[in-house]
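The structure under discussion appears below in the form of structure tokens.
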Amino acid sequence: MTSVLDPDSADLTLLQDRQVAVLGFDAVAAAHALNLRDSGVDVWVGTAPDSRGAARAEMEGLAVATPEDAVQRCDIVLVPTGGDSGEHDLTGVQRLLTAHTEPGDLVVVTSAEPVVSGELAVPEGVDLAMLRAVGDGDRVREEYLDGRGCPALVAVGRDGSGAAWATLTAYAAAMGSLRSGAVVTTLEHQATAWRYADEQVHAPLQRAVEEAFEELVRQGVEEEVAYLAVVHELRTRVEQITQAGFATQHGPDGRPGHDPAAGATSRRAAARAAHPIEHVGRRVRAMMSWIR
């Protein structure tokens, strides 16, 4: 049975005497910085003082320092490491963590891949955790402001202090994630799942879309028509799956049924016969208030 963090176990007082350095101010970093700040956490944004990110952070009323100063003064460091957080030079971040974190500090990453691949590590005695929100930075911020929250994947990679889980739970609560649910996983599982999905699903799908477009154009189909067929229609179907799952298009025997006569005789029958991913999908979607 998948475990989730218990909202009742979150103790925000664990963050009262701590300062969080958020490296950068892209959408993901901004969501962390602003949500934590609005939850009463002392936040410093670590970015170049003359950067656009610094200007945006200052307009939001956040304290700004160079990355080195921010990491040096804080005992929790947020390192955005997802695919949509490309502003960080991990070699430079590694130097900062090595030079300026101390035993008992906590480093939080938003994707496990750099840790699992060995690109990013923390010094001996420093705790390491992951919080990966289910949603982009804008969504994380919007849900928080609406009094809800984006669910998240959470993991602890190193707990030298013995308090990493308690601190991560408090951090997740301050982010608003516990309002929807924080699913407990491991760094290895998150990295493996994202890497495998990229290799076996996302990259092949892109190739299939491009090849289908090229073939249709070779057959004389107008480029715009080909684009709509292979890209726009794909988006429509993916949105349907995201909202309601595959079962809406499957018959009672679990097979796709494009013809209504061949489709499910009832939604309940389709759900019973559908692939196990459907049952997981319903649980996950229930955590996402914006698609209920």
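Be aware that the sequence shown starts at 51, since it is given in this note's numbering, and climbs by one per residue. Built from N, CA and C at the ideal position, the CB exists for glycine as well. All figures in this text were calculated on a predicted structure; none of them were measured in a lab.
Taking the straight line between their C-alpha atoms, what separation do you get for residue i and residue j?
i, j, result
"residue 54", "residue 290", "27 Å"
"residue 71", "residue 95", "6 Å"
"residue 57", "residue 229", "8 Å"
"residue 196", "residue 339", "10 Å"
"residue 304", "residue 207", "Summary for residue 304: the model assigns pLDDT 47, below 50, so the residue's position carries little reliability; its value from the coordinates is reported in the next sentence. Cα to Cα, residue 304 sits roughly 39 Å from residue 207."
"residue 326", "residue 128", "35 Å"
"residue 144", "residue 204", "22 Å"
"residue 59", "residue 219", "8 Å"
"residue 158", "residue 223", "14 Å"
"residue 172", "residue 278", "47 Å"
"residue 69", "residue 295", "41 Å"
"residue 126", "residue 189", "23 Å"
"residue 97", "residue 160", "18 Å"
"residue 167", "residue 213", "25 Å"
"residue 61", "residue 210", "19 Å"
"residue 103", "residue 141", "20 Å"
When burial is assigned at 16 or more other CB atoms within 10 Å of the CB, is residue i buried or exposed?
i, result
"residue 165", "buried"
"residue 76", "buried"
"residue 288", "exposed"
"residue 109", "exposed"
Mapping DSSP to helix, strand and coil, what is residue i?
i, result
"residue 91", "coil"
"residue 178", "strand"
"residue 205", "strand"
"residue 166", "helix"
"residue 184", "coil"
"residue 144", "helix"
"residue 193", "helix"
"residue 198", "coil"
"residue 225", "helix"
"residue 334", "helix"
"residue 151", "coil"
"residue 103", "helix"
For residue i, write down the residues that DSSP places opposite it in a beta bridge.
i, result
"residue 128", "72 and 158"
"residue 113", "94"
"residue 233", "54 and 203"
Assuming residue i contacts residue j (C-beta within less than 8 Å), just tell me the rounded distance between them.
i, j, result
"residue 225", "residue 329", "The pair is not a contact, with the Cβ atoms about 27 Å apart (cut-off 8 Å)."
"residue 84", "residue 216", "The pair is not a contact, with the Cβ atoms about 23 Å apart (cut-off 8 Å)."
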